[in-house]
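**Student:**
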Amino acid sequence: MHIEFRHLRTIKAIHEAGGLARAADQLHITQSALSHQVKGLEDQAGVELFVRRSKPLKLSAAGMRLLRLAEQILPQVEAIQAEFSALRDGSSGRLHIAIECHACFEWLFPVLEVFRRNWADVDVDIRPGLAFDALPALMKEEVDLVVSSDPEDLPGVEFVELFDYSPVFVAASAHPLARKPFVEARDFRDQTLITYPVERARLDVFSQLLIPAKVEPAAVRQAELTAVILLLVASNRGVSVLPDWVVREVKYSSDYVTRPLTEHGLTRRLYAAVRSDDRDKPYMQRLIELARIEARKLQTV
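Per the working numbering, the very first residue in the sequence shown carries number 77; after that it's consecutive.
Spelled out as structure tokens, the structure:
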């Protein structure tokens, strides 16, 4: 027996309408076409599905079995159709994010808090464990957006500009380097450098300053949280280099000083790496917009 969705809709419509004429109107087909469809279904089943002489038209025992099937399956079909429609118009979907910028957690969480209020049907997740393989994961569709400061030429991937920032030197107010107007690579030779637990190539102080100058700090100490890094710096246990927006409040504290890296300072840019097919999805565009808005807030504090 070959049952189609239209057969289930027909059984349900006739049961609810109590007759072929009203059911045909609900289904937007002629009564003749509906009668033909019912006869074909009964021929397949080998039994009558309706008690013909009853008014209103009633389902037979076999028809009731088919009605129960319709009531079970049709809501599921309607739900998946609604889900697909939402995917098409961009009101729902998946947004799994990988972050190559360790400090970006503090900037991204307020963005996601605002985002979730209006995009509750988008499945949002953050995958910090993919920090070192984030872009390959993006191409494999394991994640949907990568926050990165290192754009690459990758097929099917676009790097959308988010905002610029400056990595700055942070030290205790009493530190000898606090007297300098700016800090150079050579100044790190006798310093303990406190960093996030990230490979050196992902840290601005190494990639943009120390590695090109072939300078190695006296020691490197790692801390997971920005607050811990600042605590160690304030205790004169070492110095650090952090994005300017991360240390926006430090400049108002007497415990710290911030200084530019090199005489003219360094500027870096953060990007949202996304698959080209996903860039124009409404929820993707909205997240990128919110990310830029939040960045402007941080940089004006």
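No residue lacks a Cβ here, since even glycine has one placed at the ideal position from N, Cα and C. In this text, all values refer to a predicted model and were calculated from it rather than measured experimentally.
Taking the continuous beta strand (DSSP E) assigned at Ala295, which residues delimit it?
**Tutor:** Residues Ala295 to Gln298.
**Student:** Considering only the alpha carbon of each residue, which of Glu275, Val236, Lys115 and Ala210 lies closest to Arg345?
**Tutor:** Val236
**Student:** Would you kindly check if the distance between the Cβ of Gly314 and the Cβ of Ile270 is under 7 Å?
**Tutor:** Yes, the pair counts as a contact, with Cβ atoms nearer than the cut-off.
**Student:** Are the CB atoms of Leu110 and Leu96 nearer to each other than 7 Å?
**Tutor:** yes
**Student:** How far does the alpha helix (DSSP H) with Val304 in it reach, from first residue to last?
**Tutor:** Thr302 to Ala310
**Student:** Report buried or exposed for Pro293, applying the criterion of at least 16 other Cβ atoms within 10 angstroms of its Cβ.
**Tutor:** buried
**Student:** Can you list, in chain order, the residues of its chain whose CB lies under 7 Å from that of Glu217, leaving out five sequence neighbours each side?
**Tutor:** Closer than 7 Å at the Cβ level, and outside the excluded window around Glu217, lies no residue.
**Student:** Out of Thr86, Arg351 and Ala248, which has the shortest C-alpha to C-alpha gap to Lys115?
**Tutor:** Thr86
**Student:** What are the boundary residues of the alpha helix (DSSP H) that Pro212 is part of?
**Tutor:** Ala210 to Met215
**Student:** Roughly how many angstroms lie between the CA atoms of Arg278 and Glu176, to the nearest whole one?
**Tutor:** Roughly 7 Å separates the two Cα atoms.
**Student:** Considering only the beta carbon of each residue, do Leu285 and Leu337 sit closer than 7 Å?
**Tutor:** yes
**Student:** Where does the unbroken beta strand (DSSP E) through Phe81 begin, and where does it stop?
**Tutor:** Bounds of any beta strand (DSSP E) do not take in Phe81; it lies within the alpha helix (DSSP H) bounded by Phe81 to Ala93.
**Student:** When you compare only the Cα positions, how much space is there between Arg144 and Asp197?
**Tutor:** 30 Å
**Student:** What three-state label does DSSP hand Gly232 in the structure shown?
**Tutor:** DSSP, reduced to helix, strand and coil, places Gly232 outside both helices and strands of the structure shown, so it counts as coil.
**Student:** Considering only their Cβ atoms, is the gap separating Phe258 from Glu339 smaller than 7 Å?
**Tutor:** At a Cβ-Cβ threshold of 7 Å, Glu339 and Phe258 count as neighbours.
**Student:** Measure the C-alpha to C-alpha separation of Ala138 and Leu103 and round it to an integer number of angstroms.
**Tutor:** 22 Å
**Student:** How many whole angstroms separate the CB atoms of His178 and Val219, which I take to be in contact at a CB cut-off of 8 Å?
**Tutor:** About 16 Å separates the beta carbon of His178 from that of Val219, a gap too long to meet the 8 Å contact definition.
**Student:** For the beta strand (DSSP E) containing Phe245, name the first residue and the last one.
**Tutor:** Its beta strand (DSSP E) spans residues Pro243 to Ala248.
**Student:** Residue ranges of each beta strand (DSSP E) run of no fewer than 3 residues wholly in the region 245-280, ordered along the chain?
**Tutor:** 268-271
**Student:** I think Ala248 touches Asp331, with their Cβ atoms under 8 Å apart; what is that distance to the nearest whole Å?
**Tutor:** 7 Å
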